[in-house]
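Following our numbering, the numbering of the sequence shown begins with 5 at its first residue and continues without gaps.
The beta carbon of each residue, even a glycine, is placed where N, CA and C say it ideally should be.
First up is the structure itself, then whatever we jot down about it.
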Amino acid sequence: MSNGTQLRNDIQGLRALAVLSVILFHLNKNWLPGGFIGVDIFFVISGFLITSIILRKKHNNNFSLSDFYLSRIQRIAPAYYALLAITAIIASFFLIPVDFESFLKSAKAALLFESNSFFASQNDYFAPAAYEQPLLHTWSLAIEMQFYLLLPVLLLIVPRRYIAATLSIIAITLTIYSEVQLHKGFRQSIYFSLANRVPEFLIGALIALIPSGILKTRNKSNYAAFIGLLLLSSSMAFINEHKGFPGAWALPACIGVALLILSKDSFVNQALSIKPLVFVGALSYSLYLWHWPTLALIRYLSGAYELGVNSTLAFAASTFIMAYISYKVIETPLRGASSNKMAITKCLGLFFATIGTLFLASSLNSKLVAPLPENLTRYAPDAEICHSKIVGECLRGDISSNKTLLMVGDSHAAQLNYFADVVGNATHTKISVISASNCVTIPGFDSQRIVDWARAACNSQIEEAKKYTPGAAGIIIAGMWQYQSASTEFMQKLDEFISEADKRNQKVLVLAQVPMMTLNPQRIYRANTLGMHLRPSMNTEWVKANEKVRNLTATHPNATFLDLSKDSFFKDIPLQDDTLIYLDNHHLNEVGSTLYGKLATPALERFIKDLE
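What follows is the structure, encoded as structure tokens:
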């Protein structure tokens, strides 16, 4: 094989660069915009090493599929399951019940190395909410284990002389497939997909097929390493979360890593072999495992993406301490086993111990803090409202009235169903409320930018809202403007929608986004009950977003912007007269929606009177 499978310090150095780049990106994506490519470095290295091992043993006629799978499980499972168990116990203390329920689902998926599929259906990797999910990073380990199931079978059934061609064809085909899928807008599912990561592993695998000594001189190794380092560093500096990734954008970095592996005698590889990098490389797996849950839980409790200096230092120290303990106490001792029987016993023991810990954590989460009443933790019973689905006629307020208003929007419209009841009954008006997650339900909404799982419901709800539009006496629009107004295309479609309403002689009332906090009040309640002292603070971005939408509304004679966000009603949020009115940091709960409806009724009365 080309570069041997003996321990190479330069590859340990590459692992160090990979994990440090990922950690830097996760700390602050502005520090290293392409730092997430560190995961792809790991994939290339894995493809190279595993292919080298399999082909060498195959050549020596001593390759065993069962031994291979056991060795991979022994390498990955002990520290991995320890992480799941310990994180579950810690999370049970601090996560509010709805968040812990989501955590448990991710833990169950992670338990079977299926978390990439779970998160593909739940999250955009780069979305703010994703920063608080303790097990999000397990998606890459799931992909790695899934790849390990497939690669040896492929290498065993394909004749040696056809392996390079076969791997090349697969890599090229899947890269093209990735580009097509990205073009179709499936950014989220592509990011977490095994099929779209396979080319990265196969680039490493192809390097393992290149004959040893192909770079015959030191100069050639230096040139290759320099080009590799340039490709890798420029990718990390200039590729960011807005690029379609992985696809073709992943190729420069992966080829750069491949060149560095190939040029093992270069000056770059010597630099990668220095002791500090080799040490970090040895800890890289445990560092990767522990850095993300630590960071996610800090952010969950602080409500802030960016950490202060003290928090950053505490994060760095705790991550390295936990990683070192994991490496010394769990990863290294349990990596070897005197027999296959012992290996199986260890892995099954860890697996079932982790399952038991998840049950224990679930019990702890529900018993540690008394749950809040349901009407304080939701904006309406899900079965009652037309949010991302249609339930009955979607009517609120005075449903016997002949006068109908249509309310459209995202979850900030969904939170106003009880608001609509109050306003509708007070003004003898029935209000159809049709909303969807992440999506303002107006024609032409740019649904390609929202998460994959929300897109179908978004488009469906838009079509449903269209049916109600012609018969509506007036239209109310509500949205999380902080998110929606950042899209130029959306603002254009909102402008067009209000203009079309004017042509139908319909007046439009655009509601301001309600004030937003940095931290979910339910988290504050739980943390403070457990003896911590958290306080809410305001996120001011919603103020700028409201102004942006206000200015657009002002250009239409048929539209009014109603902004009650500066009313004394909101001065003590998340409380109003000692009653919790928010269910999270930017949605009103049932009580808040009802009280907000009473506050807004005089303004709505004027709006409805103008329709006559």
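**Item:** Among Ile147, Gly535, Ile528, nearest to Arg201 - alpha-carbon criterion
**Value:** Taking the sequence shown and counting its residues from 1, the one referred to as residue 201 is at position 197. Arg201 has its Cα closest to that of Ile147, out of Ile147, Gly535, Ile528.
**Message:** When you compare the region 219-236 with the region 176-184, are there three or more beta-carbon pairs, one atom per stretch, that lie closer than 8 Å?
**Reply:** Using a Cβ-Cβ distance cut-off of 8 Å, the region 219-236 and the region 176-184 are not in contact, since fewer than three pairs of beta carbons, one from each stretch, lie closer than that value.
**Message:** Could you tell me the alpha carbon to alpha carbon distance between Ala347 and Arg79, rounded to whole angstroms?
**Reply:** Position 343 of the sequence shown, counting from 1, holds the residue named residue 347. Position 75 of the sequence shown, counting from 1, holds the residue named residue 79. Distance between Ala347 and Arg79, taken at the CA atoms: about 11 Å.
**Message:** Taking DSSP's pairing of strands, which residues face Phe565 in a bridge?
**Reply:** For the purposes of this step, residue 565 is identified with residue 561 of the sequence shown, where counting begins at 1. Note: Phe565 sits in a beta bridge opposite Val514.
**Asked** The alpha helix (DSSP H) with Val184 in it runs from where to where?
**Response** To locate residue 184, count along the sequence shown from 1; it is residue 180. For Val184, the enclosing alpha helix (DSSP H) starts and ends at 167-187.
**Asked** Does the region 289-303 touch the region 14-31, meaning 3 or more C-beta pairs lie closer than 8 Å?
**Response** Touching, per the Cβ criterion.
**Proximity winner among Ser597, Lys507, Gln580, Leu608, relative to His560 (alpha-carbon distances)** = In the sequence shown, the residue the question calls residue 560 occupies position 556. Taking the Cα of His560 as reference, the smallest distance to any Cα among Ser597, Lys507, Gln580, Leu608 is reached at Lys507.
**Message:** In whole angstroms, give me the CA-to-CA distance for Ser541 and Ala418.
**Reply:** As a position in the sequence shown, residue 541 is number 537, starting the count at 1. As a position in the sequence shown, residue 418 is number 414, starting the count at 1. Going from the Cα of Ser541 to the Cα of Ala418 covers about 24 Å.
**Message:** I believe Ser225 touches Ala124 by the beta-carbon criterion, under 8 Å. Please report the beta-carbon distance rounded to the nearest angstrom.
**Reply:** For the purposes of this step, residue 225 is taken as the residue at position 221 of the sequence shown. For the purposes of this step, residue 124 is taken as the residue at position 120 of the sequence shown. Not a contact, Cβ separation roughly 40 Å.
**Prompt:** Heavy atom of the ligand GTP less than 7 Å from the Cβ of Ser121, yes or no?
**Reply:** Only the bare structure without any ligand can be found here, which leaves the ligand GTP out of the picture.
**Prompt:** Out of curiosity, what's the CA-to-CA distance linking Gln452 and Phe107?
**Reply:** Here residue 452 corresponds to residue number 448 of the sequence shown, with the count starting at 1. Here residue 107 corresponds to residue number 103 of the sequence shown, with the count starting at 1. Per the coordinates, the alpha-carbon of Gln452 lies some 27 Å from the alpha-carbon of Phe107.
**Asked** When the distance is taken between beta carbons, is Pro37 closer than 8 Å to Asn223?
**Response** Within the sequence shown, numbered from 1, the residue matching residue 223 stands at position 219. Within the sequence shown, numbered from 1, the residue matching residue 37 stands at position 33. Contact annotation: Asn223 and Pro37 have beta-carbon atoms that are not nearer than 8 Å.
**Message:** What residue range does the alpha helix (DSSP H) around Thr316 cover?
**Reply:** Looking up residue 316 in the sequence shown gives position 312. Thr316 -> alpha helix (DSSP H) spans 313-329.
**Asked** By a C-beta neighbour count over all protein chains shown, 10 Å radius and 16 as the cutoff for buried, is Pro132 buried or exposed?
**Response** Looking up residue 132 in the sequence shown gives position 128. Bear in mind that a pLDDT of 49 at Pro132, under 50, signals an unreliable position, so the number given afterwards is only what the model happens to contain. Exposed: under 16 other Cβ atoms inside 10 Å.
**Request:** Using alpha carbons as the reference points, say which of Ile176, Thr381, Gln486 lies closest to Val547.
**Result:** The sequence position of residue 547 within the sequence shown is 543, counting from 1. Here the closest residue by C-alpha is Gln486.
**Closest by C-alpha distance to Asn120, when choosing among Ser193, Val437, Tyr472** = For the purposes of this step, residue 120 is taken as the residue at position 116 of the sequence shown. Among Ser193, Val437, Tyr472, the Cα nearest to that of Asn120 belongs to Ser193.
**Span of the beta strand (DSSP E), counted from its first residue to its last, around Ile479** = Counted from its first residue, the sequence shown places residue 479 at position 475. Ile479: member of the beta strand (DSSP E) spanning 478-482, first to last residue.
**Asked** Can you find at least 3 beta carbon pairs, one from the region 152-160 and one from the region 48-61, that sit closer than 8 Å?
**Response** Enough Cβ pairs lie closer than 8 Å, so yes.
**Asked** If Thr361 sits next to Ala92, beta carbons under 8 Å apart, how far is it from one beta carbon to the other, in whole angstroms?
**Response** Along the sequence shown, one-based indexing puts residue 361 at 357. Along the sequence shown, one-based indexing puts residue 92 at 88. Contact flag correct, Cβ pair sits at about 6 Å.
**Prompt:** Is Ser415 near His591, with beta carbons less than 8 Å apart?
**Reply:** Here residue 415 refers to the residue found at position 411 when the sequence shown is read from its first residue. Here residue 591 refers to the residue found at position 587 when the sequence shown is read from its first residue. In this structure, His591 lies closer than 8 Å to Ser415 by Cβ.
**Best match in Gly232, Leu301, Ser288, Phe249 for proximity to Lys268 [C-alpha to C-alpha]** = Looking up residue 268 in the sequence shown gives position 264. Comparing alpha-carbon positions, the option among Gly232, Leu301, Ser288, Phe249 lying closest to Lys268 turns out to be Gly232.
**Item:** For Thr408, the first and last residue of its enclosing alpha helix (DSSP H)
**Value:** Taking the first residue of the sequence shown as 1, we reach residue 408 at position 404. Segment 408-413 is the beta strand (DSSP E) holding Thr408; no alpha helix (DSSP H) there.
**Message:** Could you give the first and the last residue of the continuous alpha helix (DSSP H) run that contains Arg610?
**Reply:** Working through the sequence shown from its first residue, we reach residue 610 at position 606. For Arg610, the enclosing alpha helix (DSSP H) starts and ends at 594-613.
**Asked** Would the region 44-53 and the region 312-326 be scored as touching if the rule is three or more Cβ pairs under 8 Å?
**Response** With the cut-off at 8 Å, the region 44-53 and the region 312-326 do not touch.
**Asked** Out of Ser172, Ile100, Gly208, Ile90, which has the shortest C-alpha to C-alpha gap to Asp44?
**Response** The residue given as residue 44 occupies position 40 in the sequence shown. Out of Ser172, Ile100, Gly208, Ile90, Gly208 has the C-alpha closest to the C-alpha of Asp44.
**Request:** Please name the residue in Arg527, Ala531, Thr533, Leu513 whose C-alpha comes closest to that of Ala558.
**Result:** Walking along the sequence shown from the start, residue 558 turns up at place 554. Nearest neighbour of Ala558 by Cα position, chosen from Arg527, Ala531, Thr533, Leu513, turns out to be Leu513.
**Prompt:** What span of residues does the alpha helix (DSSP H) with Arg459 cover, start to end?
**Reply:** Reading the sequence shown from its first residue, position 455 is the one you call residue 459. Looking at the DSSP string, the run of the alpha helix (DSSP H) that includes Arg459 is 456-472.
**Prompt:** If you pair each beta-carbon of the region 399-416 with each one of the region 469-488, do three or more pairs fall below 8 Å?
**Reply:** These segments touch.
**Prompt:** In whole angstroms, what separates the C-alpha of Asn13 from that of Tyr289?
**Reply:** If you number the sequence shown from 1, residue 13 lands on position 9. If you number the sequence shown from 1, residue 289 lands on position 285. Using only the alpha carbons, I get a separation of about 15 Å.
**Message:** Looking at Leu287: is its Cβ nearer than 8 Å to the Cβ of Pro256?
**Reply:** Here residue 287 corresponds to residue number 283 of the sequence shown, with the count starting at 1. Here residue 256 corresponds to residue number 252 of the sequence shown, with the count starting at 1. Taking 8 Å as the Cβ cut-off, Leu287 and Pro256 do not qualify as a contacting pair.
**Item:** Stretch-stretch touch, CB-based, cutoff 8 Å, three pairs: the region 365-377 with the region 390-404
**Value:** No: the two stretches stay apart, fewer than three of their Cβ pairs being nearer than 8 Å.
**Ile585 to Phe574 span [Cα, whole Å]** = As a working mapping, residue 585 is identified with position 581 in the sequence shown. As a working mapping, residue 574 is identified with position 570 in the sequence shown. One alpha carbon belongs to Ile585, the other to Phe574, and they sit about 9 Å apart.
**Prompt:** If Pro138 and Ala252 are in contact, beta carbons under 8 Å, what's the gap, nearest whole angstrom?
**Reply:** As a first step, residue 138 is located in the sequence shown; it is residue number 134 there, counting from the start. As a first step, residue 252 is located in the sequence shown; it is residue number 248 there, counting from the start. Actually they are not in contact, since the Cβ atoms of Pro138 and Ala252 sit about 32 Å apart, beyond 8 Å.
**Residue nearest to Pro163 in terms of C-alpha spacing, selected from Leu59, Leu99, Ile176** = Stepping through the sequence shown from its first residue, residue 163 is reached at position 159. Comparing Cα positions, the closest option is Leu59.
**Nearest-angstrom Cα separation, counted from Asp386 out to Ile173** = As a working mapping, residue 173 is identified with position 169 in the sequence shown. As a working mapping, residue 386 is identified with position 382 in the sequence shown. If I take the Cα positions, the gap works out to 48 Å.
**Message:** Going by C-alpha to C-alpha distance, which of Ile394, Arg19, Asn524 sits closest to Val102?
**Reply:** By one-based count along the sequence shown, residue 102 stands at place 98. Of Ile394, Arg19, Asn524, the residue nearest in Cα terms is Asn524.
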